[in-house]
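All remarks here apply to the structure that follows.
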Amino acid sequence: IRNRSEEVAKYICEYITKRINIFAPTAERPFVLGLPTGSSPLPIYHALITAYEQGRVSFRNVVTFNMDEYVGLERNHAESYHSFMYTNFFRHIDINTKNINILDGNAANLAEECLAYEAKIKALGGIELFLGGVGSDGHIAFNEPGSSLASRTRVKSLAYETIVANARFFNGDLNLVPRMALTVGVQTIMEAREVIIIATGTAKSLAIQQAVESGVSHMCTLSCLQLHPCSTLVVDEDATLEL
Ligand code: GLP
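Numbering (the UniProt record's numbering), first residue to last: 5 to 247.
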């Protein structure tokens with residue numbers, strides 16, 4: 005897509021809107037949507053809020069599962085993924101808060117929290133559509149280089165490259181960036197019936213090149229989507245620079 009993030013967002017927004025409307029979710033049969041954080045999805049959330057305001061989509065019967073959350077960051081901290089999702093999306097749409105699922109990075113037992121998350125996804129029949137971003141090192145969710153391609157929701161230590169990339173959200177101070185996160189696993193994402201990944205800007209071009217033109221590798225977890233029967237990368241021209 006030529007015109008950068010706005011065009012990418014418009015395309016993905018229209019696609020998600022169509023998918024939800026065709027699915028025609030009900031309370032008994034909700035649409036299960038996986039969602040990311042980060043700067044890349046922001047214009048998508050903006051476009052989806054507009055679509056909702058225009059009456060073109062409703063989230064009343066949509067159940068969401070977020071990809072990841074920092075460990076140990078207060079839920080109300082401005083940079084927690086919990087805060088991010090409410091500020092940038094949930095507060096502006098008609099979703100039932102009971103249908104929002106975000107991993108709790110302050111749970112007393114983090115391993116149990118991860119198991120319960122997987123169980124909840126399974127109980128709902130799996131994720132219909134997982135929307136995701138990609139880190140500059142090729143990670144999806146927080147599945148950093150070296151993650152097992154069979155991984156499920158778990159505690160993950162963050163790669164140095166990710167800590168540096170995310171420091172911009174913490175006054176540029178590396179020491180303020182949490183070192184650990186809870187994240188859905190590569191396999192959790194692979195089990196979604198459909199996966200859409202957004203990548204914009206030159207900072208993502210190397211990751212896109214590795215994911216598309218190299219083989220499947222746990223050193224670039226985005227590459228696992230080569231094996232997914234229904235996955236799409238939606239990229240702007242800058243992100244294709246290395247292809
Ligand atoms: C974080 C998130 C990822 C996200 C990545 C890219 O690491 N855990 O899910 O894809 O950031 O973020 P951005 O879109 O800001 O480049």
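Beta carbons are placed, not taken as given, at the ideal position from N, Cα and C, and that holds for glycine.
Cα-Cα separation between residue i and residue j, rounded to whole angstroms
{"i": "residue 137", "j": "residue 42", "result": "7 Å"}
{"i": "residue 9", "j": "residue 44", "result": "7 Å"}
{"i": "residue 70", "j": "residue 189", "result": "12 Å"}
{"i": "residue 187", "j": "residue 147", "result": "7 Å"}
{"i": "residue 37", "j": "residue 118", "result": "18 Å"}
{"i": "residue 195", "j": "residue 126", "result": "10 Å"}
{"i": "residue 74", "j": "residue 86", "result": "9 Å"}
{"i": "residue 55", "j": "residue 92", "result": "14 Å"}
{"i": "residue 169", "j": "residue 205", "result": "14 Å"}
{"i": "residue 59", "j": "residue 66", "result": "15 Å"}
{"i": "residue 165", "j": "residue 32", "result": "42 Å"}
{"i": "residue 77", "j": "residue 84", "result": "6 Å"}
{"i": "residue 61", "j": "residue 24", "result": "8 Å"}
{"i": "residue 122", "j": "residue 18", "result": "28 Å"}
{"i": "residue 173", "j": "residue 128", "result": "33 Å"}
{"i": "residue 201", "j": "residue 27", "result": "20 Å"}
{"i": "residue 225", "j": "residue 97", "result": "32 Å"}
Cross-strand partners of residue i (DSSP beta bridge)
{"i": "residue 224", "result": "221"}
{"i": "residue 153", "result": "DSSP lists no partner for residue 153."}
{"i": "residue 136", "result": "201"}
{"i": "residue 209", "result": "Looking at the DSSP assignment, residue 209 forms no beta bridge with any residue, so it has no partner."}
{"i": "residue 167", "result": "None, per the DSSP bridge assignment."}
{"i": "residue 185", "result": "74, 160"}
{"i": "residue 35", "result": "66"}
{"i": "residue 244", "result": "Answer is none; residue 244 lacks a bridge partner."}
{"i": "residue 147", "result": "144"}
Distance cut-off 7 Å: residue i Cβ against heavy atoms of the ligand GLP
{"i": "residue 87", "result": "no"}
{"i": "residue 146", "result": "yes"}
{"i": "residue 138", "result": "yes"}
{"i": "residue 71", "result": "yes"}
{"i": "residue 2", "result": "Here the chain covers residues 5 to 247 and nothing more, so residue 2 does not appear."}
{"i": "residue 44", "result": "yes"}
{"i": "residue 105", "result": "no"}
{"i": "residue 21", "result": "no"}
{"i": "residue 170", "result": "yes"}
{"i": "residue 166", "result": "yes"}
Burial state of residue i (16 or more Cβ within 10 Å)
{"i": "residue 99", "result": "buried"}
{"i": "residue 101", "result": "exposed"}
{"i": "residue 49", "result": "buried"}
{"i": "residue 29", "result": "buried"}
{"i": "residue 219", "result": "exposed"}
{"i": "residue 157", "result": "buried"}
{"i": "residue 234", "result": "exposed"}
{"i": "residue 208", "result": "buried"}
{"i": "residue 248", "result": "An answer regarding residue 248 cannot be provided, because it is not within the stretch 5 to 247 covered by the chain."}
{"i": "residue 124", "result": "exposed"}
{"i": "residue 107", "result": "buried"}
{"i": "residue 132", "result": "buried"}
Proximity test, residue i beta-carbon vs the ligand ZN heavy atom, cut-off 7 Å
{"i": "residue 78", "result": "The ligand ZN is not part of the structure shown, which contains the ligand GLP as its ligands."}
Beta strand (DSSP E) runs contained entirely in the segment 39-87, provided each spans 3 or more residues: 66-70, 72-74
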